[in-house]
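Here's the structure we're looking at; comments come further down.
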Amino acid sequence: MTKILLKYKEAVIRHITVEKKLTTIGRKSDNDIFIDNQAVSGHHAVIKTEGDALFIEDLSSLNGTYLNGQKVSKGQLFHGDVILIGVHRLEVISDKIREKDKKSFTVRGRSMEETVVITPDDKNKILISADKSIQDPLGGFIVIEGSTDSKEYEFKDRVSAIGKENGSAIKLKGLFAPKVAALVNRRKEGYFITPSSDKKLKINGKEIDHRYDLKDGDIVEVGNLKLQFYVKE
223 MTKILLKYKE
233 AVIRHITVEK
243 KLTTIGRKSD
253 NDIFIDNQAV
263 SGHHAVIKTE
273 GDALFIEDLS
283 SLNGTYLNGQ
293 KVSKGQLFHG
303 DVILIGVHRL
313 EVISDKIREK
323 DKKSFTVRGR
333 SMEETVVITP
343 DDKNKILISA
353 DKSIQDPLGG
363 FIVIEGSTDS
373 KEYEFKDRVS
383 AIGKENGSAI
393 KLKGLFAPKV
403 AALVNRRKEG
413 YFITPSSDKK
423 LKINGKEIDH
433 RYDLKDGDIV
443 EVGNLKLQFY
453 VKE
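Be aware that the sequence shown starts at 223, since it is given in our numbering, and climbs by one per residue.
In structure tokens form, the structure reads like this:
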């Protein structure tokens, strides 16, 4: 049985067991693996079973699908492989082991220009460039209730997490706090927040279980915190 760990930075957002012949990945909510991020196409890629082998296949996405640092149209998956889609990573846990002395995955590009080998340094530059491409708006949260390491948090990254996991932009405290309670996306049109656990968020006193476009002054309740969102002029 194959499992996929969906991660943002070092935070595990979801554990997915691959049980279907086709497991879809994309930004639209009808996907099996839903990634609500502007860098991800609506139907970005698919994990498919062919015989006893498992493959990742790009669905002509805008930003491409990367397998172990290499842009692929289709590639066979083995234990320990890392798929990069947008700024999210999908780590493969499987009993299928790749032979160390050869590359067993296949690349089927439509043209030579579509196959690009990216080193880890190049990949980091791409992610940093994506973050810098967003010039404004710039906003964040002020803590109005609850215990945190700071009273104000400015959100500059394209995607930031709120949760107990290390690396979260706002780190929740408490034994029962979720590892990732919500993700905050920053884009040119503004910020939006999406719950990432079974504990719903409250925005202005109302529970939400879906993406919400944040507005200046919104009150966000997550875990034991009450936050006020702001946008800088």
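Just so it is clear, CB atoms sit at the ideal spot from N, CA and C, and this is done for glycine as well.
Next on the checklist: For residue 281, tell me which candidate among 248, 292, 234, 260 has the shortest Cα-Cα distance.
Outcome noted: Within the sequence shown, residue 281 is the residue found at index 59, counting from 1. Measuring from the Cα of residue 281, the nearest candidate turns out to be 248.
Item to check | For residue 253, the three-state DSSP class (helix, strand or coil) | outcome: Looking up residue 253 in the sequence shown gives position 31. Coil.
Next on the checklist: Under 8 Å, with one C-beta from each stretch per pair, do the region 437–446 and the region 389–397 reach the 3-pair mark?
Outcome noted: yes
Checklist entry - Roughly how many whole angstroms lie between the Cα atoms of residue 241 and residue 276? => result Looking up residue 241 in the sequence shown gives position 19. Looking up residue 276 in the sequence shown gives position 54. Roughly 11 Å between the two C-alpha positions.
Item to check | Per-residue burial, residue 470 [other beta carbons within 10 Å of its own, 16 or more giving buried] | outcome: The structure shown has nothing for residue 470, since the chain only spans 223 to 455.
Item to check | residue 448 versus residue 426 - alpha carbon distance | outcome: As a working mapping, residue 448 is identified with position 226 in the sequence shown. As a working mapping, residue 426 is identified with position 204 in the sequence shown. Those two C-alpha atoms are separated by around 10 Å.
Item to check | Bridge partners - residue 298, DSSP secondary structure assignment | outcome: One-based indexing of the sequence shown puts residue 298 at position 76. Residue 298 is bridged to 277.
Next on the checklist: I'd like to know whether the C-beta atoms of residue 422 and residue 435 end up nearer to each other than 8 Å.
Outcome noted: To locate residue 422, count along the sequence shown from 1; it is residue 200. To locate residue 435, count along the sequence shown from 1; it is residue 213. Contact: no.
Checklist entry - For residue 409, which residues from the same chain have a beta carbon less than 6 Å from its beta carbon, with the 5 sequence-adjacent residues on both sides left out? => result Locating residue 409 in the sequence shown gives position 187, where the first residue counts as 1. Excluding positions up to five away in sequence, the list reads 260.
Next on the checklist: Between which two residues does the beta strand (DSSP E) holding residue 450 run?
Outcome noted: As a working mapping, residue 450 is identified with position 228 in the sequence shown. Counting along the chain, the beta strand (DSSP E) containing residue 450 begins and ends at 447–453.
Next on the checklist: Once DSSP output is grouped into helix, strand and coil, what is the label at residue 337?
Outcome noted: For the purposes of this step, residue 337 is taken as the residue at position 115 of the sequence shown. Low local confidence applies: a pLDDT of 35 at residue 337 is under 50, so the model's placement there is unreliable, with the coordinate-based value given in what follows. In this structure, residue 337 counts as coil in the three-state DSSP scheme.
Item to check | Cα-Cα separation between residue 267 and residue 297, rounded to whole angstroms | outcome: Counted from its first residue, the sequence shown places residue 267 at position 45. Counted from its first residue, the sequence shown places residue 297 at position 75. When rounded, the distance between both Cα atoms is 11 Å.
Item to check | Straight-line Cα distance separating residue 377 from residue 238 | outcome: As a first step, residue 238 must be located in the sequence shown, where it is residue number 16. As a first step, residue 377 must be located in the sequence shown, where it is residue number 155. For residue 238 and residue 377, the distance between alpha carbons rounds to 28 Å.
Checklist entry - Roughly how many angstroms separate the alpha carbons of residue 367 and residue 317, rounded to a whole number? => result Along the sequence shown, read from residue 1 onward, the residue named residue 367 stands at position 145. Along the sequence shown, read from residue 1 onward, the residue named residue 317 stands at position 95. Each residue's alpha carbon lies about 47 Å from the other.
Checklist entry - So what does DSSP say about residue 352, is it helix, strand or coil? => result On the sequence shown, residue 352 is found 130 positions in, with the first residue counted as 1. With a pLDDT of only 49 at residue 352, under 50, the local geometry of the prediction cannot be trusted, and no value is derived from it.
Item to check | First through last residue of the beta strand (DSSP E) which encompasses residue 240 | outcome: As a first step, residue 240 is located in the sequence shown; it is residue number 18 there, counting from the start. Residues 233–240.
Checklist entry - Exposed or buried, which one is residue 255 when buried takes at least 16 other CB atoms within 10 Å? => result The residue you call residue 255 lines up with position 33 of the sequence shown. Burial state of residue 255 is buried, judged by a 10 Å Cβ sphere holding 16 or more other Cβ atoms.
Checklist entry - Which of helix, strand or coil does DSSP assign to residue 313? => result Within the sequence shown, numbered from 1, the residue matching residue 313 stands at position 91. Here residue 313 sits in strand by DSSP.
Next on the checklist: My assumption, with CB atoms under 8 Å, is that residue 288 sits in contact with residue 306. Please give the rounded CB distance.
Outcome noted: As a working mapping, residue 288 is identified with position 66 in the sequence shown. As a working mapping, residue 306 is identified with position 84 in the sequence shown. About 4 Å; that satisfies the 8 Å criterion.
Next on the checklist: Please report the distance separating the alpha-carbon of residue 223 from that of residue 454.
Outcome noted: As a first step, residue 223 must be located in the sequence shown, where it is residue number 1. As a first step, residue 454 must be located in the sequence shown, where it is residue number 232. Between residue 223 and residue 454, the C-alpha separation is close to 48 Å.
Item to check | Where residue 260 sits in the DSSP three-state scheme | outcome: As a position in the sequence shown, residue 260 is number 38, starting the count at 1. Residue state, collapsed to three classes: coil.
Checklist entry - Beta-carbon separation of residue 285 and residue 304 under 8 Å? => result Locating residue 285 in the sequence shown gives position 63, counting from the first residue. Locating residue 304 in the sequence shown gives position 82, counting from the first residue. Not a contact, by the Cβ cut-off of 8 Å.
Checklist entry - Roughly how far, in whole angstroms, is the beta-carbon of residue 245 from the beta-carbon of residue 265, given that I think they are within contact range, below 8 Å? => result Position 23 of the sequence shown, counting from 1, holds the residue named residue 245. Position 43 of the sequence shown, counting from 1, holds the residue named residue 265. About 12 Å separates the two Cβ atoms, so there is no contact after all.
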